[in-house]
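Student:
Right, dumping it as structure tokens:
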């Protein structure tokens, strides 16, 4: 039987394994012998205990994510039939201020896309199948040219892609307990149409055949087993084989694209529609004031010693 550690390594970041294991073991110690019979209320109660210790909201979410991984593992190995907290999301407020000056430049994003198939560490690229390489290039293009979130990428269906019209339909993200981005239709870049066509007709078919007939899905993006991709894969895809100062993240790529559209004086409402933001205020957060522009220029000309 697959061990918990093996399961985490297969689906999540290798660097995060120790933290996941530590937080899971902490919960196991708290629950004791009834761990495998844990229900929704007991998970909520446990999070309440952590909150009473004044843990940072981000730490609380990390603990909950570790518990979700643990119960996914139990379901995967047949120890449980249900997941008690998959639909649980916390409302603890996290400071999400966008530091526009720290975002990626347009040149950096274009270079990432252009040079993605020529990494410095060729061992990372050599480990991938041709189908996986093309799938990753498709994912990267969706992040850079449509500024999709991780969940929007993995929830895409084949029928959402219309290559004849050159458009892609993004579904509304209505997860239980929270409202995500709005549904929208976005244009594909000309370079994406051929890439997507090859992926759908050849490479996705190779991944799709890895599925068991009873579990076949219509997800546009598939993992090496032909199944729905885990969200954590995107972070691993962008960081593996790279130096710490060369690592990109999906969210920061999205933020950078939105910020550049506003900087180019595109209408706020058009950018809001492109990003899928429900409130104009969410889009305005990406704007740089004149004072911030001046400060950024001064920093470039006269960096502090």
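Residue numbers (my numbering): 40 to 344.
For each residue, glycine too, the CB sits at the ideal point set by N, CA and C.
#1: Among the residues of its own chain, which have a CB less than 7 Å from the CB of residue 265, if the five just before and after it don't count?
#2: Mapping the DSSP letters down to three states, classify residue 318 as helix, strand or coil.
#3: Skipping 5 residues on each side, what residues in its chain have a beta carbon closer than 6 Å to that of residue 201?
#4: Assuming residue 227 and residue 209 form a contact by the criterion Cβ under 8 Å, report the distance between their Cβ atoms to the nearest whole angstrom.
#5: Are at least three pairs of beta-carbons, each pair with one atom in the stretch 145-159 and one in the stretch 68-87, less than 8 Å apart?
#6: With DSSP collapsed to three states, give me the class of residue 241.
#7: Hey, out of 308, 238, 179, 193, whose CA is closest to residue 291's CA?
#8: Distance, Cα to Cα, residue 330 vs residue 320?
#9: Is residue 322 buried or exposed, if buried means 16 or more other CB atoms sit within 10 Å of its CB?
#10: Taking the continuous beta strand (DSSP E) assigned at residue 207, which residues delimit it?
#11: Exposed or buried, which one is residue 188 when buried takes at least 16 other CB atoms within 10 Å?
#12: Identify whether residue 298 lies in helix, strand or coil by the three-state DSSP scheme.
#13: My output table needs one value for residue 224: the three-state DSSP class, helix, strand or coil.
#14: Buried or exposed, going by whether 16 or more other CB atoms sit within 10 Å of the CB of residue 108?
#15: May I ask you to list the residues that DSSP assigns as paired with residue 258?
#16: Please state whether DSSP places residue 121 in a helix, a strand or coil.
#17: Look at the Cβ atom of residue 105, then the Cβ atom of residue 59, and state whether they are nearer than 9 Å.
#18: Specify, as a first and last residue, the run of the alpha helix (DSSP H) that residue 351 falls within.
#19: What residue does the alpha helix (DSSP H) around residue 272 start on, and which one ends it?
Tutor: Result, derived from the coordinates:
#1: 246, 247, 248, 249, 250
#2: coil
#3: none
#4: In fact, because the Cβ distance is near 12 Å, the residues do not count as touching under 8 Å.
#5: no
#6: helix
#7: 179
#8: With a pLDDT of 46 at residue 330, under the threshold of 50, the modelled position of this residue cannot be trusted, and the question is left open.
#9: buried
#10: 206-209
#11: buried
#12: helix
#13: strand
#14: buried
#15: 196
#16: coil
#17: yes
#18: In the structure as shown, the chain begins at 40 and stops at 344. Residue 351 is therefore absent and cannot be evaluated.
#19: 271-278
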